[in-house]
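Step one of this worksheet: look at the structure below.
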Amino acid sequence: MRAVLVSRYPRVDTIAWKRQVGGALLDAGVDVSLLYSRASLIDQAWAGLREEGWGVLRRYLALRSGGADGEAGASLAYWAEDRGLEVERVHRLGDPRPLCRLSPDVVLLVGADLVPASLLAVPRLGTINAHFALLPAYRGMNVAEWSVYNGDPVGVTIHLVDAGIDTGPILLRERIALEPGDTFESLRRRQRELAARLLVRGALELGDGLARPVPQAADEGRQYYRMHPALRRVAEARLRAQTADVDARA
Amino acid sequence: MRNVLARGAASAILVGRDGARDLAAPVLERHGDISPGALAAAVRWLCRTHDVTGWEGSSKGFSLLHGWLPAYPETTGYVLGTLLEYGRRRKNRADLAERARAMGDWEKRVQARDGGIMEGTVGGRERRSIVFNTGMVLHGWLDLEAAGTGGYAEAAARAAAFLTDRLGRDGTWAPAVEFAGIPHTYNARVAWAMLRWARLTGDEAGEAAARRQLNWVVSRQRANGWFDDCAFRTGQTPSTHGLAYTLRGLLESHAITGEESWLSAVERTSEALIRKLAVGPRLVAGYDADWRPAAHHACLTGTAQLGGVWLRLYQVTGDARWLNAGLGAVDEAARRQQRGRWPAIAGALAGSFPIWGRYAPLQFPNWAAKFLADSLMLRDDCLRAVAA
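As you go down the protein sequences, you meet chains A and P in turn. With our numbering, you'll find the first sequence wraps up at 250, consecutive numbering, no jumps. With our numbering, you'll find the second sequence wraps up at 638, consecutive numbering, no jumps.
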């Protein structure tokens, strides 16, 4: 099977889990290549500032210096080239030809920009994505925070990507248990680890014909957006309360 | 002459400042805490709009070109409700109840013989009564009655009769009593006033008329949530101001009656709009029928109003997504509130951002500050409830 990882130059996301996905695919004997989008420095800075505000500088510097997760600063593209993998670099996703040249059976999104419909038709088996909440209930952004805010379980969903946002058929879904002292950072770290494992499993099951995609109904879930700081504070308080319950039960 | 020079200088400063903010807003401005004095400043400025008319109605607003504008019956009708509510929350502000009473009395004096309220501002020629202005003043009189300040029932009854008697079978009003002579979905806010009156007095004909009007409003909604007949004039794109009037009228009418189709209509349009808010960089003044932005500028009144609609939607449904959107929209409006010391505009909200935008350019309408104050009070209520 030939798998293509689609990723972008990291503005705020982390690299270790992406390497974990690539490494596990290689270990499983999958032929891996990389489609890597790297917009101009101005575009990156603009997009990062819009997404994260000035906090993006702090996170970027942490990323360059190894980061809180102990990651080295090199990008996924360098990691792939070090292993002799084929890498296609583009400024923006949109033109399907670079992806066609890699002739993928399956595409895995690992920290990619929104994928245009023209690219979704390229892989023979489909494009899969890791969503950091349980679909179909929680679509969109800050979904771990929204799950905690509403008192619902946190988890990871692997789904096929369609033209909608987080609306494609579900391949795998797994909950994450809260642990004493959890913060959203620690939850996200465990979500990334789980996402890496499930993405690889999803890709392999697709390749082996074992996957059983479950379609989502459009009205099953809700679209969530970036959480307002006032509600984020409430979500953090609720997470502390929920983890205190876990601690008490333990 | 001195005033003209001051306004000229202020115009230059505000145009320059908004231009710089317009460029930088997408990256420099984040949602967050609102100045703790924002609500008090808005109310102070609303009081000033009353002072400058000699305690008659509330001035239509302050224009950088023309100075203070004459009293405006339509918006005085609902400005007084804001003062009453703020005064109720600040127990030592009996002066606000007194102002509201003075405004309500002034509205009685300008009420036409047919029971309706004139279009436009006072001071010019006599003008015809129109339904929207009549409905807004009916809200004000109902607020005064609800606050225990009696003496408005007879005027309210005449206004309600004006509205009920002139509504057609299809749920629209005759062109003669409509702004620009065309039907408008934003009259849902009028129907809300009619329902309030009907529930207070047992006026069954009034309630039936209001329901007929609201059902017509829902019939004008497309599958994607956009409303036909929402614009002020034929051929215009609906503004967020008109959309918010429509949504608030439907929502409050649902809250009174429990009619689910009106709530569904509010949610359908709101789903489309909160996506626009999230994608940013701002809610613009209007969207076309496919929800594509039809303006560069924001209508700050509409933004503040939509914030209020979504905060109320949260209160009605308990869905925190609406709370999130409401907080974001109120942030957007509140960060444009005028600070500084110039009393003519301190605490006011401009018609547009940037200030030269097409909605009330270079003006600070009284209804913009009114809806900002209303939404800030709702915001306080919602955040207190969430914290509890």
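Built from N, CA and C at the ideal position, the CB exists for glycine as well.
(request) Could you work out which residues of chain A lie near R571 of chain P, taking near to mean beta carbons separated by less than 7 Å? (result) Chain A residues near R571 of chain P: R222 and Y224.
(request) Note down, in chain order, every chain P residue with its Cβ under 8 Å from the Cβ of N150 of chain A. (result) For N150 of chain A, the chain P residues whose C-beta falls within less than 8 Å of its own C-beta are A570, listed in chain order.
(message) Helix, strand or coil for Q471 of chain P? Go by DSSP, reduced to three states.
(response) Residue state for Q471 of chain P is assigned as strand, using DSSP reduced to three classes.
(request) Would you mind reading off the limits of the alpha helix (DSSP H) that contains A514 of chain P? (result) Reading the sequence as shown, one finds Ser at residue 514 of chain P and not Ala. Boundaries of the alpha helix (DSSP H) harbouring S514 of chain P: E510 to V529, taken from the DSSP string.
(request) Mind checking which residues open and close the alpha helix (DSSP H) that includes Y149 of chain A? (result) Note, Y149 of chain A: alpha helix (DSSP H), V143 to Y149.
(message) Against chain A, does N437 of chain P count as a neighbour if the rule is that its beta carbon must be under 8 Å from one of theirs?
(response) Chain A places no beta carbon closer than 8 Å to that of N437 of chain P, leaving this residue out of the contacts.
(request) Indicate whether at least one CB of chain A lies closer than 8 Å to the CB of V516 of chain P. (result) Cβ-Cβ to chain A under 8 Å: no for V516 of chain P.
(request) Please work out which residues of its chain come closer than 6 Å, Cβ to Cβ, to G478 of chain P, disregarding the five sequence neighbours upstream and downstream, and give them in chain order. (result) The amino acid at residue 478 of chain P is misidentified as Gly; the sequence shows Asp. The beta carbon of D478 of chain P lies closer than 6 Å to those of R470 in the same chain, with the five residues before and after it left out.
(request) Please list, in chain order, all residues of the same chain as E220 of chain A whose beta carbon is under 8 Å from its beta carbon, the five residues on each side excluded. (result) Excluding sequence neighbours, E220 of chain A sits near P136 and A137.
(message) Considering just the uninterrupted stretch of the beta strand (DSSP E) at A3 of chain A, what are its terminal residues?
(response) Run containing A3 of chain A: R2 to R8, per the beta strand (DSSP E) assignment.
(request) In the DSSP assignment, find the alpha helix (DSSP H) that holds Y241 of chain P and state where it starts and stops. (result) This structure gives no information on residue 241 of chain P, because the portion of chain P shown stretches from 251 to 638.
(request) Note down, in chain order, each residue of its chain lying with its Cβ closer than 6 Å to the Cβ of A610 of chain P, except the 5 sequence neighbours on either side. (result) Here the set comprises G601.
(request) Rounded to whole angstroms, what's the CA-CA distance from E376 of chain P to G530 of chain P? Just pull it up for me. (result) Between E376 of chain P and G530 of chain P, the alpha-carbon positions lie close to 44 Å from each other.
(message) With a threshold of 8 Å between beta-carbons, can L231 of chain A be considered close to chain P, or not?
(response) With respect to chain P, the C-beta atom of L231 of chain A has a partner C-beta closer than 8 Å.
(request) Can you give me, in chain order, the residues of the segment 522 to 535 of chain P that have a beta carbon less than 9 Å from any beta carbon in chain A? (result) When CB distances to chain A are screened at a threshold of 9 Å, the residues of the segment 522 to 535 of chain P falling below it are I524, R525, L527, A528, V529, G530 and P531, in chain order.
(message) Is the beta carbon of R294 of chain P closer than 8 Å to that of Q361 of chain P?
(response) Annotated as distal: Q361 of chain P and R294 of chain P, with beta-carbon spacing of 8 Å or more.
(request) Report yes or no: is there a C-beta of chain P within less than 8 Å of the C-beta of G70 of chain A? (result) Only weak support is given to the placement of G70 of chain A: the predicted model assigns it a pLDDT of 44, under 50, and the value that follows is read from those uncertain coordinates. Answer no: the Cβ-Cβ gap between G70 of chain A and chain P never drops below 8 Å.
(request) Show which residues of chain P have a CB atom less than 9 Å away from the CB atom of H159 of chain A. (result) Result: empty, since nearest Cβ-Cβ is about 20 Å, beyond 9 Å.
(request) Measure from the C-beta of V154 of chain A to each C-beta in chain P and report whether the shortest distance is under 8 Å. (result) It does not: the Cβ of V154 of chain A has no partner Cβ on chain P nearer than 8 Å.
(message) Out of A:R197, A:S33, A:L239 and A:A203, which one is the CA nearest neighbour of S103 of chain A?
(response) Scanning A:R197, A:S33, A:L239 and A:A203 for the CA closest to the CA of S103 of chain A turns up A:S33.
(request) Compile a chain-ordered list of the residues in the segment 573 to 606 of chain P whose CB is closer than 8 Å to at least one CB of chain A. (result) Answer in chain order: L573, N574, A575, L577, G578 and D581.
(request) Would you kindly work out how many angstroms separate the C-alpha atoms of G370 of chain P and D581 of chain P, rounded to a whole number? (result) Rounded to whole angstroms, G370 of chain P to D581 of chain P spans 31 Å at the Cα level.
(message) Considering only heavy atoms of the ligand ZN, does any lie closer than 7 Å to the CB of V110 of chain A?
(response) Absence of the ligand ZN is noted for the structure shown, with no ligands found whatsoever.
(request) Can you tell me which of the three DSSP states W295 of chain P falls into? (result) Reduced to three states, the DSSP call for W295 of chain P is helix.
(request) Excluding the 5 residues preceding and the 5 following R257 of chain P in the sequence, name in chain order all residues of the same chain whose CB lies nearer than 6 Å to its CB. (result) L314.
(request) Determine the closest residue to D105 of chain A out of A:W46, A:A112, A:V30 and A:V234, with distance taken between C-alpha atoms. (result) For D105 of chain A, the closest of A:W46, A:A112, A:V30 and A:V234 by C-alpha to C-alpha distance is A:V30.
(request) Would you mind sorting H434 of chain P into buried or exposed? The rule is 16 or more other CB atoms within 10 Å of its CB. (result) Burial call: buried.
(request) Consider the Cβ of L273 of chain P: report whether some Cβ of chain A lies at a distance smaller than 8 Å. (result) Taking 8 Å as the threshold, the shortest C-beta distance from L273 of chain P to chain A does not fall below it.
(message) Whole angstroms are fine: how far does the CA of Q20 of chain A sit from the CA of A261 of chain A?
(response) Past the boundaries of the shown model lies residue 261 of chain A; chain A is included only from 1 to 250, so the question cannot be answered.
(message) Using a Cβ-Cβ distance cut-off of 8 Å, determine whether V636 of chain P contacts chain A.
(response) Chain A contact via Cβ: present.
(message) For a test of the three-state rule: what should DSSP assign to V253 of chain A, helix, strand or coil?
(response) With chain A represented from 1 up to 250, any question about residue 253 of chain A goes unanswered, as that position is not in the structure.
(message) Can you check which of these residues, P:R439, P:F312, P:T303 and P:A290, is closest to R339 of chain P by C-alpha distance?
(response) Out of P:R439, P:F312, P:T303 and P:A290, P:A290 has the C-alpha closest to the C-alpha of R339 of chain P.
(request) Please check if any C-beta of chain P sits within less than 8 Å of the C-beta of M1 of chain A. (result) Put simply, the CB of M1 of chain A is far from chain P, with every gap to its CB atoms at 8 Å or more.
(message) Can you give me the C-alpha to C-alpha distance between K18 of chain A and L231 of chain A, rounded to a whole angstrom?
(response) Those two C-alpha atoms are separated by around 30 Å.
(request) Find the residues of chain A that neighbour L633 of chain P, judging by a C-beta separation of less than 7 Å, and give them in chain order. (result) The contacting residues are A230.
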